[in-house]
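As structure tokens, the structure follows; a few thoughts come after it.
Protein chains: 2
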Amino acid sequence: MTNASNKSNRRHLVSQVEEELLRYIQDSPVLVGEKIPNEFDLSQKFNAGRSTIREAVKSLASRGVLEVRQGAGTFVLSPSTVEDDPLRLARYTDKLQLALELFDVRLMIEPGIAELAAMNANDDDIAEIVRLCDETEELYLAGYDHVRKDIEFHKKIAHCSRNRVVEELVPLIVSAVFTFANVTHRLLLHETIETHRAITDSIAKHDHTGAKCAMEMHLIYNRQMIMKLMKQEKTY
Amino acid sequence: MTNASNKSNRRHLVSQVEEELLRYIQDSPVLVGEKIPNEFDLSQKFNAGRSTIREAVKSLASRGVLEVRQGAGTFVLSPSTVEDDPLRLARYTDKLQLALELFDVRLMIEPGIAELAAMNANDDDIAEIVRLCDETEELYLAGYDHVRKDIEFHKKIAHCSRNRVVEELVPLIVSAVFTFANVTHRLLLHETIETHRAITDSIAKHDHTGAKCAMEMHLIYNRQMIMKLMKQEKTY
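If you read the protein sequences in the order shown, they are chains A and B.
Each residue of the first sequence is one higher than the last, beginning at 1 in my numbering.
Each residue of the second sequence is one higher than the last, beginning at 1001 in my numbering.
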């Protein structure tokens, strides 16, 4: 094997272990602030060499998930990466309360953003929004993780507002969709898929009031899901 | 003179020259991207030693106003400091259009924020909001610069929302008030003072709908002022 393909295989191995480790942190009950198993245990768990583990840990540290404290061990800083959660909302532990606060703000901004998008989207924008809506729905129906596509859908709508100040709100929207997906364990309501479609159709027709209302409904359905989860939490 | 008081005098001198230089950049027609006069000319202009000028320039560079390019000179990066304009909106040159885009977003978020503040402000918060409202009005009536106090007023209301996601919007509000003050040359409408008072009174009575409406009126009056300025610009 050449040196170059050796290197590329190695990089592939590291990123594979890195993704496994990330999923382990997200799915298992390793809480924020808790220590993860040591290098030796991890190398056994993931069936990888210690140097591979070390590189994967280093990479997850640079992505904001882990923190290596010299002499003390490696700790979970956040269950999510900076790409997924630019506002680092995962640092808060009262997830459902945070999700409610997020929806109060999303309800302030996203209906108005959808309204602007319906006024300003051009044909290319509309084709892209339709594509993202279709793809999110396909992933949902096939039982795959739809969250990244869902984020792209909301981001694209924000870009179509053609408002430079709305662009400053995109990190908030990204963190919000991601946080919501986590508290609901990435379960999607059927109503979410339906209201995504209603938002898309309204924007495609440049029906700005329709887009505003569809976004409002989309957010209200999801907010109700949080209220339900909060009630369940209190019951147990 | 002791060494310590020498040092403190020097620091005082530098910050005095720094403020003069900042005002010169903000008031004179030095545009973003343009070069400012060289050290020698500045030292004559501000009647200060070249080392004082150098320190003042360095400090304004760290505050995001100037950029020193080795061998090429010192350039204006932004007419405002990072404290005043955390979103660096001053980088955009079509000020009136930007101000309109800002108001589209402020109209999305600030009425809802005022509503939350009216629901959640406690007695200490209300006393503070009344104080900031009084002080902004006093500065206005006395013909002094009210902008920093105005920013404090809007920031305090945002804090009273008791919503952690709203906190993420505070830099946007700060940059927005600052940008508006600049396009209107810090002229205040009488209506601004009146609607500030209406917002304050509504929050003090926990009248959340009143606070929401008063904030909406406040923003609409100011938006109309921008529309008027845009019309004037087109006429000339």
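Cβ coordinates follow ideal geometry from the N, Cα and C atoms, glycine included.
Owing to the predicted nature of the structure, the values given are computational and were not obtained by experimental measurement.
Between the beta-carbon of residue i and the beta-carbon of residue j, is there less than 9 Å?
i: A1118 (chain B); j: S1202 (chain B); result: yes
i: L87 (chain A); j: P171 (chain A); result: yes
i: E1110 (chain B); j: I1193 (chain B); result: no
i: A1048 (chain B); j: L1096 (chain B); result: no
i: V1174 (chain B); j: K1155 (chain B); result: yes
i: L116 (chain A); j: R162 (chain A); result: yes
i: L169 (chain A); j: V1082 (chain B); result: no
i: V177 (chain A); j: I151 (chain A); result: yes
i: R223 (chain A); j: L66 (chain A); result: no
i: K212 (chain A); j: A114 (chain A); result: yes
i: V147 (chain A); j: A158 (chain A); result: no
i: C160 (chain A); j: A204 (chain A); result: no
i: R63 (chain A); j: E39 (chain A); result: no
i: I129 (chain A); j: V76 (chain A); result: no
i: A90 (chain A); j: T179 (chain A); result: yes
i: S59 (chain A); j: S15 (chain A); result: yes
i: L1237 (chain B); j: F1153 (chain B); result: This structure gives no information on residue 1237 (chain B), because the portion of chain B shown stretches from 1001 to 1236.
i: L189 (chain A); j: Y144 (chain A); result: no
i: L1021 (chain B); j: L1042 (chain B); result: yes
Within 10 Å of its beta-carbon, does residue i have 16 or more other beta-carbons around it, so buried, or fewer, so exposed?
i: Y140 (chain A); result: buried
i: A56 (chain A); result: buried
i: D85 (chain A); result: buried
i: M1108 (chain B); result: buried
i: K80 (chain A); result: Sequence inspection shows Ser at residue 80 (chain A); the Lys mentioned does not correspond to that position. Per the 10 Å Cβ criterion, buried.
i: T1074 (chain B); result: buried
i: E1018 (chain B); result: buried
i: M1227 (chain B); result: exposed
i: H218 (chain A); result: buried
i: H196 (chain A); result: buried
i: K7 (chain A); result: exposed
i: R1031 (chain B); result: This sequence places Leu at residue 1031 (chain B); Arg is not what is there. With fewer than 16 other Cβ atoms within 10 Å, it is exposed.
i: K149 (chain A); result: buried
i: A142 (chain A); result: exposed
i: T1235 (chain B); result: exposed
i: G112 (chain A); result: buried
i: A1127 (chain B); result: exposed
i: S1078 (chain B); result: buried
i: T1052 (chain B); result: buried
In this structure, how does DSSP classify residue i when only helix, strand and coil are distinguished?
i: T179 (chain A); result: helix
i: R1069 (chain B); result: strand
i: T1093 (chain B); result: coil
i: T1081 (chain B); result: coil
i: E285 (chain A); result: Outside the modelled stretch of chain A, which goes from 1 to 236, sits residue 285 (chain A), for which no answer is possible.
i: S161 (chain A); result: coil
i: N120 (chain A); result: helix
i: T1184 (chain B); result: coil
i: P1171 (chain B); result: helix
i: L219 (chain A); result: helix
i: P111 (chain A); result: helix
i: D145 (chain A); result: coil
i: F46 (chain A); result: coil
i: L189 (chain A); result: coil
i: D1023 (chain B); result: First, the amino acid is wrong: residue 1023 (chain B) is Arg here, not Asp. Reduced to three states, the DSSP call for R1023 (chain B) is helix.
i: L1239 (chain B); result: With chain B running from 1001 to 1236 in the structure shown, residue 1239 (chain B) is simply not present.
i: L1087 (chain B); result: coil
i: R1054 (chain B); result: helix
i: R63 (chain A); result: coil
DSSP beta-bridge partners for residue i?
i: T209 (chain A); result: Bridge partners of T209 (chain A): none, in fact.
i: T1074 (chain B); result: B:V1068
i: K1035 (chain B); result: B:F1075
So is residue i in contact with chain E if we call contact Cβ pairs under 9 Å?
i: I151 (chain A); result: You won't find chain E in this structure, because its protein chains are A and B.
For residue i, is the beta carbon positioned less than 8 Å from some heavy atom of the ligand PLP?
i: H1012 (chain B); result: Because no ligand of any kind appears in the structure shown, any question about the ligand PLP cannot be addressed here.
Going along the chain, which residues of the stretch 1155 to 1180 of chain B sit with their C-beta nearer than 9 Å to a C-beta in chain A?
S1161, R1162, N1163, R1164, V1165, V1166, E1168, L1169, P1171, L1172, S1175 and A1176
To be precise: take each residue of the stretch 94 to 106 of chain A, compare its Cβ to all Cβ atoms of chain B, and keep it if any distance is under 8 Å. Which residues remain?
L98, E101, L102, D104 and V105
Interface residues of the stretch 1082 to 1094 of chain B facing chain A [CB-CB below 9 Å]:
L1087, L1089 and Y1092
Could you list the residues in the stretch 201 to 225 of chain A with a C-beta less than 7 Å from some C-beta on chain B, going in chain order?
none
Could you run through the stretch 1118 to 1149 of chain B and flag, in chain order, every residue whose CB is less than 8 Å away from some CB of chain A?
none
With 7 Å as the C-beta to C-beta threshold (strictly closer), list the residues of the stretch 1013 to 1043 of chain B near chain A in chain order.
none
Members of the stretch 49 to 69 of chain A near chain B, C-beta cut-off 9 Å:
none
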